[in-house]
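Residue numbers (my numbering), protein chains in the order written: chain A, 1 to 764; chain B, 1001 to 1167.
We treat Cβ as the ideally placed atom computed from N, Cα and C, and that holds for glycine.
To start, the structure itself, in structure tokens.
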Amino acid sequence: MVIESLSPCCRLLIRRSITSINRGGMTTMNRTYMKNGLIAILVMAVLVSPVCTQAGNLGHDPMYPALPQKDATPDYLLVDEVDVTVDAGAKEATLQFDTLLATPGAKVYYGLYVPEQEIQVPQYRRSTTEDLTGESASHSATINIGKFEGARYDICNFGEDGGVICYRIELYNPEVASSVFYDGRFRVDGDYNLVPCIIEGPFVDLVTTGGAVISWKTDVPTTAAVEIDGGSYTDGASGTSHKIAITGLSRGTGYEYDVLVDGVNYATYHFTTEPASPKFEFAIMSDSRAGVGGGERSFAGVNYHKLGRFTIDAYQNGADFVVFSGDLVNGYTTSMDDYHRQLEAWKDATEQVGCYIPIYEVMGNHEALLDVYDDGSKYGIEFDKQDDGANKSAETIFAEEFVNPAGGSPDPENTTAPSYAENVYYFDYGNTRVIAFNTNYWWCSHPEDFGGNLEGYVMDNQLAWIKDVLDDARDDSTIEHIFMFAHEPAFPNGGHLHDAQWYNGGESSENEDYYGNPLDRTYVIERRDELWGAISQNGKVVAVLFGDEHNYNRMSIDDETPVYLDGSTNPNFTNPVWQIITGGAGAPFYAQQDTPWSGDVESFYPSKHYCMISVDGGEVSLKAISDSGEVVDECVLREGTPAGDTSTTELSANVVPAISITVETSALDFGMVGAGLNSATSQIRIVNSGTHNVVVTAEIGADESGFYDGALRLNGGSVDGLSVGVPADVTDFEYAEDVAASLEVPEWAGGEYDGTVLFVAEGI
Amino acid sequence: MNKKAVILAAIALLVIATHVQTASALGVGASPDIIDYGVLDAGDGSAKSLYVINTGSEVEKIVVVAETFEDITELSASEFALNPKESRLINVTMAIPSDFEVGDHSGSLLITGFPGASTGLGIGASVRIPVEFSVEEKSPPLMAIGIAIIGCVCVMIILLTYIRRLK
């Protein structure tokens, strides 16, 4: 009875201790000591217990239970990458791969791409079935690619030049009696020699008024470059993963870009920089995780069938960019390889469009990469994996797989919590600010008991960041509209009343802790209200768009909307803001359910769809388009003066700042250096990119261990001693000086050190 | 041409091609080169605009810090992200307390651009912008001066009247 009155963490601790004592082979004396110790813990726990809030251990370091871990990889069959070899004489390619389970022989479909097609979708033409008797976890299938040089099949001059062969492997999973698919491709030259192939992308991201970032992956290490507008850009590295920033472009201009692999022009794509006038369109979709219906609807964790169709449709309908509000994939896996592969499958379905317009991704509850502790229940006790060198969190891998705005994210909520980089961000486009936030950060299945965070809950640092970004946009005269994107709705309408930001109103009778006791989750509602209050009071927020519920619904929320179980309203919701739930990109549908605010729902559509938003100056309108192409909702979200109603002449000038330096590297890696030895010297080029002559000095910034303060040498001397004059070159603002950087590693040093050195320019 | 020469030429071309423009430059710029508030009265404030630009090729976190007079310097934004070539105008307000020391003062603002993320030795680019101002005693308001003059005139009239009577 006393134990039941304690906080959940104390109860777990005491219960496990008692169990351990009773099960273990302790002597009577040891048990007596232990029980006396427990009484002391009990007294302390009673004293501490009232301090705990309703949220219990939410936000604390994860408290991993003393239970064995178990694997959960529901969509995972393929182990590692497919190994492709080509027999040039026989004009055949062999695909070899292993599976997690023994499966029957694989079916392989293969084909080519049509060069004239702007949207490059695979054109499968032939197939083969693996010659395998029974089941095996080791597979090999040979495909006859020489067939494509015949006049009947050669759609891309394959016989002379070779080309890219696309393939799809279909594997039957006997455990779940259904098939899964894996897509891949490889490239041969005209003599059937394997040559480097782009196997993912390219993707264009972070499109601004003057630049963009182009990224792609190749099957073997290569150099990489992008040629655009007469300039050549490279990441200067040889590898399989490339990310190249393009700068110096003009606003509102369409550009073709050539992707170069090992110095050879691979293919040409195009994109358009941010428009000069505030008139543009963007698409919003969410929840493309695997659906029901088999085939491409359940493709390595993704509903490839719907996702591919919707992104192509959005592009054809004129979208300048796409925002995807979470649940890209099934996730909920314990395998980092599986998580990577699911996200890669998602990119496979979107790359046809992603090479022309940017796609911004947001995390949902299904972007979960877990450690699962087996307590005998179906799902066990689940935690977001922690970044610890050997393991990576879902957030870290999400940032690795996608290119989203990286700077200025909130600080992590805790020293063991993951980074918000590239999963919480904002960008400005025309007269509009787009804010992406993460309602599924650092997830734990029972955070009130075991720490971590609750699904749908926006933690303190992120909330403060959202308020700052909203305030900044409010004070910025160039920003007219704000759109916000996240996964878990503030006011769910069908499918997720039991979680999201509602939890059935937080009622104790509707929620329970890990032990099955009633749990008061009104703290979730309080946090929802604080968040929505900031959104509503801003005055510029047009709409907040969520996913999670696999339907479409639209409602306007203000201080007259019933937002509590008793039907009462919130006076802080001063300005009306649209909530739009658009979770229809592939996951199974949900119908509308009764809520306190059901009467305010202006439109509801229960199945697959995506949305297009059109910004025309001060006016914003929306269309929801179903998978059959029908417009299922259409409305003006904000009335205003369209951009076309005013006559403007665009003026532009590139003003060079007075004092400016550009350092042509953002990090230095001295590689492996022995203690007591000196590193090789790296040159750091410092460009005077301003109009005034400057003197450049250096300072140590972050250096927790004090390592760099003593070890870093600049031009052979100490960091403090550096002083380099860099005159201005007012012709092209590119006068540069090189600074030699090296390390004199002290005898006591060992391990990896992070730090920052600042190069400071002052006018002279 | 022998094979070695061809290989060397190819390597040279590759080196040139890969260094035409590197993609990870970090840079920050600011205008004007000095913020001079001129003469300020104790108890008054004055705002100046500062233009900050990301001259690098990647998204940067920009941090603006008043290295001196941090207690009396107000920044309309001190931490924000800028895309490559993106700029932002911030207001730098100097609020002089009434008991601030009279005389010439000089300090500086440090504007630093940090890369989005880096491991090992990260590099930041900073520009230091001098800040100058002079503080004078707050001059008495015109009404007070007027009253003082009128008072003086009245005193003189009274004195003259008194002197005449004495004569």
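Residue contact check for GLY1038(B) against chain A: no CB pair falls below 8 Å. CA-to-CA, the gap between VAL264(A) and LYS467(A) works out to about 48 Å.
The Cβ neighbour count for GLY676(A), taken over all protein chains shown within 10 Å, is under 16; the residue is labelled exposed. A straight-line Cα-Cα distance of about 18 Å links GLU92(A) and ARG152(A).
Contact between VAL760(A) and GLU699(A) holds, since their C-beta atoms are separated by about 6 Å, short of 8 Å.
For GLU1067(B), no Cβ of chain A is located within less than 8 Å of the residue's own Cβ.
Straight-line measurement puts the Cα of ASP499(A) at about 40 Å from the Cα of ARG1088(B). For the C-beta of PRO1097(B), not a single chain A residue is nearer than 7 Å; the gap to the nearest is close to 26 Å. Annotation for LEU463(A): no beta strand (DSSP E) segment contains it, though the alpha helix (DSSP H) segment containing it runs 460–475. LYS70(A) is classed as exposed because its beta carbon has fewer than 16 other beta carbons within 10 Å across all chains shown. Residue environment: GLU448(A) is assigned as buried (16 or more neighbouring CB atoms within 10 Å of its CB, all protein chains considered). The three-state reading of DSSP puts GLU400(A) in helix, counting H, G and I together. For ASP229(A), no Cβ of chain B is located within less than 8 Å of the residue's own Cβ. Residue range 212–222 is occupied by the beta strand (DSSP E) that includes TRP216(A). GLY586(A) places its beta carbon 8 Å or farther from that of TYR552(A). Between the alpha carbons of ASP1036(B) and GLU1132(B) lies a distance of about 5 Å. Cβ contact annotation for ASP374(A) (same chain, cutoff 8 Å, sequence separation greater than five): LEU67, PRO68, GLN69, LYS70 and GLY380, in chain order.
For LEU206(A), the chain B residues whose C-beta falls within less than 8 Å of its own C-beta are VAL1059 and ASN1083, listed in chain order.
Residue contact check for GLU1086(B) against chain A: a CB pair falls below 8 Å. For the beta strand (DSSP E) assignment, the uninterrupted runs of no fewer than 3 residues enclosed by the region 139–175 of chain A are, from N- to C-terminal side, 163–173.
Contact check between the region 350–357 of chain A and the region 409–420 of chain A: fewer than three CB pairs, one atom from each, fall below 8 Å, which does not count as touching.
Residue pairing by DSSP puts ILE686(A) in a beta bridge opposite VAL663(A) and GLU737(A). By the criterion of at least three beta-carbon pairs nearer than 8 Å, the region 666–680 of chain A is in contact with the region 740–749 of chain A. By the criterion of a C-beta distance shorter than 7 Å, GLU549(A) is surrounded in its chain by PRO489, PRO492, ASN493, GLY494, GLY495, HIS496, ILE581, GLY583 and TYR590, once the five residues flanking it on both sides are discounted. Per DSSP, ARG297(A) lies in no beta strand (DSSP E) segment and is marked neither H nor E. Put simply, the backbone Cα of SER140(A) is about 4 Å away from that of GLN96(A).
Within chain A, the residues SER660, ILE661, THR662, VAL663, VAL687 and SER689 have their CB atoms less than 8 Å from the CB of GLY1027(B), given in chain order. At a cut-off of 8 Å between beta-carbon atoms, THR272(A) makes no contact with chain B. For GLU762(A), the C-beta contacts it makes with chain B under 7 Å involve ARG1128, in order along the chain. Unbroken beta strand (DSSP E) stretches of 3 residues or longer found wholly inside the region 364–395 of chain A: 370–373 and 381–384, given in chain order. For ILE482(A), the CB contacts under 6 Å within the same chain, skipping 5 residues up- and downstream, are ARG433, ALA473, LYS540 and VAL541 in chain order. Neighbourhood of SER1049(B) in chain A, by CB distance below 7 Å: empty, with the nearest CB roughly 13 Å away. When DSSP states are grouped into helix, strand and coil, PRO518(A) belongs to the strand group.
Around the beta-carbon of ALA390(A), fewer than 16 other beta-carbon atoms lie within 10 Å, marking it exposed.
If you look at GLN316(A), you'll find it in the alpha helix (DSSP H) that goes 304–316. In the three-state reduction of the DSSP assignment, LYS1048(B) falls in the strand class.
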